[in-house]
Every structure is written in structure tokens, then in C-alpha cells.
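Since the structure comes first, as C-alpha cells, the remarks are kept for the end.
In the UniProt record's numbering, the protein residues as written are 1 to 404.
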């Protein structure tokens, strides 16, 4: 009767309740045969966003995990503030100052669950009435995040120095999202002159801000990276964003951002009652990883590993002769190649897939039409591939694109 199956009627007795029949909706399952077929036939994936999984510091990570539990106290079970663990923020203040020249206090740092999470938080701080200027071509997840949050999107062209400043000048209220250390996907490194020009632009109106995504600053192979924009910002105009996803592993969904003091006040009003999005245990592991010097040693190993892979990749691509041109800075874990061909980009992608290779056309990263000089330009990632796999992939591409 408590469950509602039996109905009690006073002075009459008990009756079975009149219950509507539950209608079970059969959902038709569509098999993705074409996708499965391609996945099964794929031999080499030149993903520009993957890492070398074999180089992950498994032993160190396991020991840090045990160490955090051996030092267990009840704080590991408690809800922490929205900004994240103070110990990790303290380590980041020191590490980012020594590695990127970043100047901040612990109270300015907010730990987030990945770059997209940090960008959503920035969106809420700025409000979706603030237009977002994006480099074009662009990091697609940044574009989709700001678009989903309801911002007006302003695609801004890139020249050989980074984002162009002139198209921005008509906007007094705008946030400019840039990847100045290694522009994704073109690989352009913004020189100091353009950085100062961008900061001067932001300083001329109260409603202008710069969102600096310091993507791939860890992986430069010839010259040291220039100081971050945040490090030369004197007026609190730069929101600095970083992540551990590319330097440690994509599954480490942890990012951090540094807010100017004027925006920190807005953040505190919006998020003072919220808790951190990231497990306190993971935050403590990263804290120890940095504090014990393991993170810096890991970066040095990965830098050497990717530098060797990159050189090997370029050497293997010489088989194409003058049919391809490698463009972009010596940084990151992908190459940008321009293919000289009369065929369309779509035809070249299809030819690669038919030969078991996946490549990434730059058209996927443009907002709107592709600029003509970038037609038949492809991103070829090497982070997750061994040297043997790189060799195999290049041979398969040569077969697909030259011997076809």
C-alpha cells in the first residue's frame, strides 16, 4: 500500500490501484559502420593534441599518490574553496615566476577543471555582453566555449607576428583571446613588439582585456620563449591561463588562471559560495609534483623527446622534396605543412584515410572561409608517435599523395 499498488477505501476494503501502463520507448541503435571501418583501418593518426603516453612518469605518480595518502588527514575529504588548494596555488606562484616571469599572489590564482572550464569562468566574470576577439585560425575549443556562452565572436586575422591589432581598434569593450607563445594552429610566436602593441591597445580603454592562453610555452626547441604577456602587464589587463593537459597528460583535467585584481573582486562575488571543481587529492599530487622538482625534470625530458621526434619527422618528410613546405616555429608537438598540389584538401584527406593515415586540415580551425595561402595546409602531430610510426606514416602519406 505504501508503494501505491493497493488502495484503501474506508468501510469498503482494499482495492488494486488503477495505474497507467508504463510505455517503454524503444530507441533505435544506429551502427556507425563507416566510422568504425575507418577506425579499424587506421594505422597512423597524426593527432596534433596527443602526447607520448609511454613517457608519462608512472612510477613518480604512483609514489606521489601513496605519499598523499600516507600523509592523510581529514582535509583531503573536505570541500575546498572555488579557487582550489592553497598549497598548489603557492607552488604555482613560485614556478610560474621562475619559468614564465609571471607576477601574482596566491589569491589571484583559480584552479579549474581544464582550459574550457577556465574559459567558461572568465566568460561569467566578463559577462556575455563582452565581445571576444579570437585569432583566426583558432583553437576550436576556445571558439566553441565562448560561442556557447553567448558572446559575439570577432575573428581577427593573423600575420607573421600574431594577431593583427588594427581590426581591434574600433572596439572599446572587448576581450582578446591569444596564444602568443605558440599560436595554435599556425605556430607563430608573437614578438615583443607586437606584445607591447597589444598591451597598449588594451590600456586605452577600461573595457579591454587580454586572455593569454600560454599554450605550448613549455615546448620550444631552439630559443627560449619570450616572457609571458602577463609578466609585462603593468595595468592588470591580462588574464593568464595555463594547463597541465599538454605537459603531463590530457586526462589530467586541471588548469589554472591568474586574474587581475580588479577582476578578482568580480570573481569573489560570483563564486564565493562555490567549491573547487577539481579533486583535492589530484591538486595535492600536482602540488608535490612541482614542489619536489619532478615537474621540471619531466618537462626537460619531454622537451628533449619531442625535439628529437620533430627533427626526425622533418628528415623523413624530405622524401617529398619541394612538394611540401614546413611552416611555423620550432615549438609544440605538431608540424604545419603546406602541400603543393592541384587537388583539393578534401581529396588529399580522403587519399590519406584510404591509405590508413589521418591528417588534420587547417580549414577545420578557421572561422569562415580559409585564406587562400593556407589551402592544402595540414597539421601533423607527432607527440604520441614513435620514430618508427612517424616513418611509417610518412611512407603511407607519400603513397597517398605522390604515388597515387
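Cβ atoms here follow ideal geometry from the backbone N, Cα and C, with glycine treated the same way.
- Message: Less than 9 Å between the beta carbons of residue 444 and residue 336, yes or no?
- Response: It is not possible to answer for residue 444, since the shown part of the chain is limited to 1 through 404.
- Is the beta carbon of residue 179 less than 9 Å from the beta carbon of residue 151? Taking 9 Å as the Cβ cut-off, residue 179 and residue 151 do not qualify as a contacting pair.
- Report the residue ranges of all alpha helix (DSSP H) runs contained in full by the segment 49-135; include only those spanning at least 4 residues, in chain order. As far as the segment 49-135 is concerned, its whole alpha helix (DSSP H) runs of at least 4 residues are 58-70, 86-100, 115-126.
- Message: Please list the terminal residues of the continuous alpha helix (DSSP H) segment that includes residue 394.
- Response: Where residue 394 is concerned, the enclosing alpha helix (DSSP H) stretches over 387-401.
- Message: Does the contact criterion of 3 or more C-beta pairs under 8 Å hold for the segment 229-240 versus the segment 100-113?
- Response: As far as the Cβ criterion goes, the segment 229-240 touches the segment 100-113, which means the pair count is three or higher.
- Item | C-alpha gap between residue 362 and residue 190, whole angstroms | Between residue 362 and residue 190, the C-alpha separation is close to 20 Å.
- Item | Distance between beta carbons of residue 176 and residue 405, contact taken as under 8 Å | What is shown of the chain runs 1 to 404, which leaves residue 405 out entirely.
- Euclidean distance between Cα positions of residue 8 and residue 16: CA-CA distance, residue 8 to residue 16, rounds to 9 Å.
- Which partner residues of residue 173 appear in the DSSP bridge assignment? For residue 173, which the question treats as bridged, DSSP gives the partners 207.
- Query: Which same chain residues, not among the five before or five after residue 382, have their C-beta less than 8 Å away from its C-beta?
  - Reply: Here the set comprises 46, 306, 309, 310, 313, 333, 334, 335, 390.
- Query: So is residue 25 buried or exposed if we call it buried at 16+ other beta carbons inside 10 Å?
  - Reply: Residue placement at residue 25 is flagged as unreliable, the pLDDT there being 46, under the threshold of 50; the coordinate-derived value follows with that caveat. Label assigned to residue 25: exposed.
- Nearest to residue 399 (by Cα), restricted to the options 194, 354, 376, 188: Checked all of 194, 354, 376, 188; the closest Cα to residue 399 is 354.
- Item | Sequence-distant residues of its chain with Cβ nearer than 7 Å to residue 349 (five each side left out) | Excluding residues within five positions, the ones whose Cβ falls inside 7 Å are 359, 361.
- In the DSSP assignment, find the alpha helix (DSSP H) that holds residue 160 and state where it starts and stops. Careful: residue 160 lies outside any alpha helix (DSSP H) and carries neither H nor E.
- Task: Thinking residue 255 and residue 225 are a contact (beta carbons under 8 Å), I'd like their distance in whole angstroms, please.
- Result: About 19 Å; that fails the 8 Å criterion.
- Task: Over the uninterrupted beta strand (DSSP E) stretch that includes residue 238, give me the two end residues.
- Result: Unbroken beta strand (DSSP E) run through residue 238: 238-243.
- Item | residue 283 to residue 323 span [Cα, whole Å] | C-alpha separation (whole angstroms): 48 Å.
- Query: Residues bridged to residue 357 by DSSP?
  - Reply: Answer is 44.
- So, do the segment 53-70 and the segment 274-294 have three or more beta carbon pairs nearer to each other than 8 Å? Enough Cβ pairs lie closer than 8 Å, so yes.
- Taking the alpha helix (DSSP H) that residue 266 falls in, what are its first and last residues? Here the alpha helix (DSSP H) through residue 266 covers 261-271.
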